[in-house]
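Asker:
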Amino acid sequence: MEAAHAHAHDDHHHAPAGIGRYFTTTNHKDIGSMYMWFSLIMFFVGGFMALVIRAELFQPGIQIVNPDVFNQLTTIHALVMIFGAVMPAFVGYANWQIPLMVGASDMAFARMNNWSFWLMPPAAALLVGSFLVPGGAAGSGWTLYPPLSIQGGISVDMTILAVHIMGASSIMGSINIITTILNMRAPGMTLMRMPMFVWTWLITAYLLIAVMPVLAGAVTMLLTDRHFGTHFFNAAGGGDPTMFMHIFWFFGHPEVYIMILPAFGIISHIIPTFARKPLFGYASMVYATASIALLSFIVWGHHMFTVGMPAAGNLFFMYATMLIAVPTGVKVFNWIATLWKGSITFETPMLFAIGFVSLFTIGGFSGLVLAVTPVDITLHNTYYVVAHFHYVLFSGAIFSIMGGAYYWLPKWTGHMYDETLGKVHFWLTAISFNITFFPQHFLGLAGMPRRIPDYAPQFTEFNQISSIGAFLLGFSQLLFLYVVIKCIRGGVKAEAKAWEGAEGLEWTVPSPAPYHTFETPPAFH
Amino acid sequence: MKKLRVIAGAIAASLPALALAGYDVNIPAPKTPISMQIYGLHMEILWVCLAIFVVVFGVMFYSLFAHRKSKGAVAANFHENHLVEVIWTLIPFVILAVIAFPATRTVLAMKDASNPDMTIKVTAYQWKWQYDYLNDGVKLYATLSTPRDQIGSPEEHGKITNEHYLLETDNNVVVPVGKKIRLLITANDVIHGWYVPQLGVNQYGIPGFIKDTWFQANEAGIYRGQCSQICGKEHGYMPIVVEAKSPEDYAAWVKEQKAKQAEAAQPADKVSMADTTAR
Amino acid sequence: MNASLADRNALLARKLIIIACVMGCFGLALVPFYRQICEATGISQSRVVAQTASGSIDPTRDVTVEFVASNSNGLGWTFEALNPIVQVHPGVVTTVRYRVVNNTGRKVIAQAVPSYAPSLAAPYFKKLKCFCFDQQTFAPGEARDMQVVFVVEPDLPTDISRISLSYTFFDITAEAGGKG
Ligand code: HEM
Ligand SMILES: [Cu+2]
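Chains as they are written, first to last, in our numbering: chain A, 9 to 533; chain B, 180 to 458; chain C, 5 to 184.
1) Does residue 458 of chain A pass the burial test, meaning 16 or more other C-beta atoms within 10 Å, or should it be called exposed?
2) Tell me whether residue 311 of chain A counts as near ligand 3, meaning its Cβ is closer than 8 Å to at least one heavy atom of that ligand.
3) Answer with buried or exposed for residue 338 of chain B, where buried requires no fewer than 16 other C-beta atoms within 10 angstroms of its C-beta.
4) Do residue 289 of chain A and residue 255 of chain A have their C-beta atoms closer together than 9 Å?
5) Cα separation between residue 117 of chain A and residue 39 of chain A?
6) Say yes only if the C-beta of residue 260 of chain A is nearer than 8 Å to one or more non-hydrogen atoms of ligand 2, and no if none qualify.
7) Using a Cβ-Cβ cutoff of less than 8 Å, which residues in the same chain neighbour residue 365 of chain B once the five nearest sequence positions on both sides are dropped?
8) Just checking: is the beta-carbon of residue 402 of chain A within a distance shorter than 9 Å of some beta-carbon in chain B?
9) Helix, strand or coil for residue 179 of chain C per DSSP?
10) Pick helix, strand or coil for residue 373 of chain B, following the three-state DSSP scheme.
11) Does the beta carbon of residue 25 of chain A come closer than 9 Å to any beta carbon on chain C?
12) Any heavy atom of ligand 2 within a distance shorter than 8 Å of the CB on residue 307 of chain A?
13) Considering only residues of the same chain and omitting the five flanking positions on each side of residue 420 of chain B, which have a CB-CB separation below 6 Å?
14) When you measure from the CB of residue 257 of chain A to every non-hydrogen atom of ligand 2, does any distance come out below 8 Å?
15) Across the stretch 71-81 of chain A and the stretch 377-389 of chain A, are there enough close Cβ pairs to call them in contact, namely three or more that are closer than 8 Å?
16) Output, in chain order, the set of chain C residues within a Cβ distance shorter than 9 Å of residue 368 of chain B.
17) Below 7 Å between beta carbons is the criterion; list the residues of the stretch 454-479 of chain A that meet it against any residue of chain B, in chain order.
18) Would you say residue 223 of chain A faces chain C, with C-beta separation under 9 Å as the test?
19) Using only the alpha-carbon positions, how far apart do residue 422 of chain B and residue 384 of chain A sit?
20) Any Cβ of chain B within less than 9 Å of the Cβ of residue 163 of chain A?
21) Is it the case that the Cβ atoms of residue 111 of chain A and residue 526 of chain A are separated by a distance below 9 Å?
22) Helix, strand or coil, according to DSSP, for residue 344 of chain A in the structure here?
23) In this structure, does DSSP put residue 410 of chain B in helix, strand or coil?
24) Look at the Cβ atom of residue 206 of chain B, then the Cβ atom of residue 221 of chain B, and state whether they are nearer than 9 Å.
25) State the Cα-Cα distance for the pair residue 109 of chain C and residue 444 of chain B, rounded to the nearest angstrom.
26) Name, please, each residue of chain A whose Cβ falls closer than 9 Å to the Cβ of residue 359 of chain B.
27) Can you name the start and end residues of the alpha helix (DSSP H) that residue 177 of chain A belongs to?
28) Using the C-alpha atoms, what's the distance from residue 328 of chain A back to residue 192 of chain B?
29) In chain B, which residues lie with their C-beta within 8 Å of the C-beta of residue 411 of chain A?
30) With a cut-off of 8 Å, do at least 3 Cβ pairs link the stretch 477-493 of chain A to the stretch 429-447 of chain A?
31) Fully enclosed by the stretch 106-147 of chain A, which alpha helix (DSSP H) runs are 4 residues long or longer?
32) For residue 312 of chain A, collect the residues of the same chain with a Cβ closer than 6 Å to its Cβ; drop the 5 residues on either side in sequence, then sort them by chain order.
33) Under 8 Å from any heavy atom of ligand 2, does the C-beta of residue 238 of chain B make it?
34) Take every Cβ of the stretch 462-474 of chain A, pair it with every Cβ of the stretch 409-416 of chain A, and state whether three or more of those distances are shorter than 8 Å.
35) Where does residue 112 of chain C sit, in a helix, a strand or coil, going by DSSP?
36) Comparing alpha-carbon positions, which option in C:36, C:167, C:11 lies nearest residue 119 of chain C?
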């Protein structure tokens, strides 16, 4: 073990000084931290775009940005949030936590780990920088449907390139994660005794390896259609725009689960910790995660009910989509059963976890509504869908990321964060989140389409409520930044086991976790 | 009036049950057999979800309240119960089956565009709609009729005075009430979506392909909708206005349109068709 | 043990890379796969070639066929169906005509693409002759009537009583190498 580790990366025992080390570091903790900071920056970049969008939608008429720029903002906002904020955050957590949780000294391929990270900033620069090229950024929506995306300018090519780079980064990251999990667990840690976060990431990493290449193929075909005279998606040459949708959503639906499975993992650690009770139904959690992942490959058509598929297609995708609600429900029931007869306290991570369970479930309900084909047909591409995916992505993925940050900050920094400010941050976030997104259900039901810069006057009131909520929500996140920085710079010293109810190998090493941990595999029982 | 709506909205936002009170916070009044079924389905699912929500979160919040450490709760140590786990896996299946059954009926009905009374071909353009009445020979283009100076620009704010701001067209699609109208939807350039909520229709138009769907308005009236699929800069500015009239009024309208078309076709046919890109 | 971990890791990584490559190929393979499905179900017909009718006639049944004409982006010429609605008995060979007037002022090479509604009817609609089989070249100002000779097969499912066939003309002058 010792020697493999020496092969794997530079043989230093303390963190080298200086900023320069980050360019070459192969240390999983350094890389994890870089992913997290990258994610946080992208979260604010994407958030800024969201606020411009909400400001424009504060009232009917065009006030702030012209319709072209508006479309570009919605497109890049989505891509930045998905590929720049949510996914890298989870990869960052994987980097920090998985070696600590399975008792490995580092990730399996430390050098590749560094590359995976350093691919991200150039990709982000391409995405965000595409606003500056003539014609502005891609404005076809993040789904890049042709022929609209064929019409776009050079920025579409930049977006495609960015997607390729980030896809490559994700695949490299996934190979690293799977290998670490499968080959480098502490002796005695069988698969069915792995921490839930490790399990969810194992499955997520397989999903990534399965679908990122498919996305790469789809956007490559887009590229050749744009520049090299192919006709994959153009009826004139025997192609079909609908085919792009099929391939895109074959990637797209598993992708949404890529963004939620690690969240399930994080929540499955926080709740037992603060209920001081083991996770209920561990085995069924694992099976539920696996079945969600498998089902996610056969439901893509629910994004295409208005394409005009034959009835049999619509019915198949409706049934399959409804099925996915079952394992999702099982998870929620398990979390609640974990709370049951616990000894519950409400530190900030727990607040975020409870917020997650409640609000994510609302997103699950709206998902069920949308799963029903006839209802989806009347709600497709309206604000109802926008509300749905923000309930699952913001109060789902992002809540778990924030809860996870509060939960593990003591381990990462060696200090306790400011509990009062953390709680304030939670309540501000939870309340303004609902003010922002709950009214969007009504807008969608009433028939307001998504991705429009201007709307009919009867939609004004709910849009105003939503915009006010959005600004509150956006600025509340600055508090998060403040709490994190404050926690890094000092605070009450954290114990090795920072939380009374915490379980797992990561809590056996000191806080902050030393630069090198588990150079000899720990005993696990 | 506006204030009232804001307050109502705020209350509704906090109490989902109130969402049922008015159409402002729900699917707009359905006007076709299909959209009525959709409306019913949505209500059914909404109630099911609310019921589950109340039960599940009742349990959760009870637990959060009763099993707090500050109240001296001591943690139990159970972590599985196969019977319970099997039961709560099976119950959702039953609930889903109950929803799936009527939904299947509606899906089949929506797809059944056979035996229509008339067919209208809809062609979407960036950014307008073209309607061809295959049986009656009427042809028309519909574009946004809200004056541009109301919409404004980033520099100058528009003043909105039209009641149907953004949801009005120069030529409405007129259809007879009570007749099954089949739509053949396609597009000229990029994908668009023909979406009128009250008629229960939302269908992409895809260049090179026709897709059929149908509706049957059972009440005279004006039904408004918009393009539902992002189609470029003016995506927000291509409304759909359907005017359902009695069959007699519809016949009169057709006559009037044909007279207009005949008049327009006389001298100018070739010229108006000329390609603007011609050199 | 040490070396074996590195080896095991490398082996596993290689397997995972293979999975990724296989999935990449799978993504590309979705294209022909999807075409097959579409062709089988009739949603689209990429290779349009002359078909033959099976021969039998069902005089007891009437099927309505609607012919529709569309232009794609940038083709501002006149394209219309001269027999927009026809009634046929399944099995009877029928001819309808479309007219193109190339009033664009330049030479245009164009390809017509057929599409059916309901798409499930497509396999039962046989085109014996069609202007959509080949690229069509139109001189500036040219007006031309073009034929579609077709048969609706008698085994058309009984719940289909109306078929719409749409042709969309795409301007492929640039790609076909023609200069206007
Ligand atoms: C109970 C589980 C879920 C069901 C039944 C469900 C169902 C659906 C359906 C039917 C749509 C299509 C709506 C439309 O475009 O008309 C949709 C959209 C979407 N869902 Fe879900 N969903 C579920 C969970 C999730 C989760 C967990 C996530 C992500 C974390 C998610 C993210 C999204 C996103 C991003 C979209 C919109 C994509 C787009 O059009 O841009 N969903 N969902
Ligand atoms: Cu999906």
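All C-beta atoms, glycine included, are put in the ideal place defined by N, C-alpha and C.
Since this is a predicted model, take the numbers as computed values, not measurements.
Answerer: So, from the data block:
1) buried
2) Ligand 3 is absent from the structure shown, which contains only ligand 1 and ligand 2.
3) exposed
4) no
5) 12 Å
6) yes
7) 300, 301, 302, 303, 384, 385, 386, 387, 388, 389, 390
8) no
9) Of the three classes helix, strand and coil, the one that applies to residue 179 of chain C here is helix, per DSSP.
10) strand
11) no
12) Checking every heavy atom of ligand 2 against the Cβ of residue 307 of chain A, one is found closer than 8 Å.
13) 348, 351, 403
14) yes
15) no
16) Listed by position along chain C, the residues whose Cβ is nearer than 9 Å to that of residue 368 of chain B are 76, 77, 78.
17) Taking 7 Å as the Cβ-Cβ cut-off against chain B, the residues of the stretch 454-479 of chain A that qualify are 454, 455, 457, 459, 460, 461, 462, 463, 464, 465, 469, 470, 473.
18) yes
19) 24 Å
20) Not an interface residue.
21) yes
22) helix
23) Coil, per DSSP.
24) Yes. Within cutoff.
25) 20 Å
26) What residue 359 of chain B touches in chain A: nothing, since even the nearest Cβ is about 17 Å away.
27) 162-191
28) Confidence at residue 192 of chain B is low in this model, with a pLDDT of 49, below 50, so the placement of that residue should be treated as unreliable; the coordinate-derived value is given next. Distance between residue 192 of chain B and residue 328 of chain A, taken at the CA atoms: about 31 Å.
29) What residue 411 of chain A touches in chain B: nothing, since even the nearest Cβ is about 16 Å away.
30) yes
31) 118-137
32) 253
33) no
34) As far as the Cβ criterion goes, the stretch 462-474 of chain A does not touch the stretch 409-416 of chain A, which means the pair count is below three.
35) strand
36) When each option's Cα is compared against that of residue 119 of chain C, the closest is C:167.
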